[in-house]
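So that you can map any letter, position 17 of the sequence shown is 17 in UniProt numbering, and since no number is skipped, the others follow by simple counting.
Where is the CB? At the ideal position from N, CA and C, for every residue including glycine.
Given the structure is predicted, the values throughout are model-derived calculations rather than measurements.
A short worksheet on the structure shown next.
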Amino acid sequence: MYNVAHIGIVVKDMDKSLEFYTTVLGCALEESYQDERVHLAFIKAGQQTIELIQYQEDSVKVRGAGIVDHIAFAVTDIAAEMDKLRQHNVTLLFDQPKVVSGKKILFFAGPDDERLEFVQSL
Numbered sequence: 001m002y003n004v005a006h007i008g009i010v011v012k013d014m015d016k017s018l019e020f021y022t023t024v025l026g027c028a029l030e031e032s033y034q035d036e037r038v039h040l041a042f043i044k045a046g047q048q049t050i051e052l053i054q055y056q057e058d059s060v061k062v063r064g065a066g067i068v069d070h071i072a073f074a075v076t077d078i079a080a081e082m083d084k085l086r087q088h089n090v091t092l093l094f095d096q097p098k099v100v101s102g103k104k105i106l107f108f109a110g111p112d113d114e115r116l117e118f119v120q121s122l
């Protein structure tokens, strides 16, 4: 079995996305790279790495991006995290956390409408 190295998410505005992931979600920027076709930012979310990818306009036409359904973040207090999301005017995909298989879950939208999730074990 392989360990996940990172999850790649295509974003429209790197600055806006970095601000969201670092300020709202508390991720830390590890490294970034930019050339004439792409801007990459690797951010740390706990033990996982997320790669934010902003393609230059011409590169998008050459290579279409795949779809990532969602990224889930483990939290210890989903109610407090939900309050933080509301303070930052983040779109919640449902009003209250749901309980599923002994966990509370809450889906919300990132700056490019990517689906993100908080998971709290009960």
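Using CA coordinates, which residue listed in the options is at the minimum distance from residue i?
i	options	result
residue 123	D113, L122, E36, V4	Limits of the chain in this structure are 1 at one end and 122 at the other, which puts residue 123 out of reach.
M14	I78, Q96, Y33	Y33
A45	F94, I78, A5	A5
State the DSSP-derived secondary structure class of residue i, mapped to helix, strand or coil.
i	result
E19	helix
V4	coil
V24	helix
E51	strand
R63	With a pLDDT of 49 at R63, under the threshold of 50, the modelled position of that residue is not reliable, and the figure given next carries that caveat. Coil.
D117	The sequence as given places Glu at residue 117; Asp does not occur at that position. Strand.
E57	helix
V11	coil
Taking the alpha-carbon positions, what's the residue i to residue j distance?
i	j	result
V24	L85	7 Å
E30	V11	17 Å
Q120	Q54	31 Å
A72	E117	4 Å
K104	H39	35 Å
M82	V90	9 Å
Based on the DSSP secondary-structure assignment, which residues constitute the bridge partners of residue i?
i	result
E31	F42
Give, in chain order, every unbroken run of the beta strand (DSSP E) that is at least 3 residues long and sits entirely within the region 73-110.
-> 98-100, 103-109
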